[in-house]
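Colleague: Residue numbering for the sequence shown follows the working numbering, starting at 11 and increasing by one per position. All C-beta atoms in this analysis are idealised placements derived from N, C-alpha and C, irrespective of residue type, glycine included. Model, not experiment: these values are computed from the prediction.
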Amino acid sequence: MIEPPRAGVPSPCRDVCQLDTQGICIGCGRSIAEITEWTRAGNERRLEIRAAARARIEAAEESAGRQSRP
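Structure (structure tokens):
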């Protein structure tokens, strides 16, 4: 029997679904392991995954901003 998705914490997926060279999705910031884990994770773990993913996206955006400055 397939378990229905857990309600509560929405997925950070942005339907981009492309991994960078480090195995991190450039759309949502999750690792492939976190993406795979998402359907089984409880809400507390999902919040942890979202926080880590958000931090990765922010770091990538900050890094890209530094690289584009003259």
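#1: Rounded to the nearest angstrom, how far is the Cβ of S41 from that of G33, given a contact under 8 angstroms?
#2: CB C38 to CB A63, shorter than 7 angstroms?
#3: At a threshold of 6 angstroms, does R40 count as lining the ligand SAH (C-beta to nearest heavy atom)?
Modeller: According to the structure data:
#1: Between G33 and S41 the Cβ distance is about 6 angstroms, and since that is below 8 angstroms, they are a contact.
#2: It is a contact, given that the beta carbons lie within the stated cut-off.
#3: With respect to the ligand SAH, the structure shown offers nothing to examine, as it has no ligands at all.
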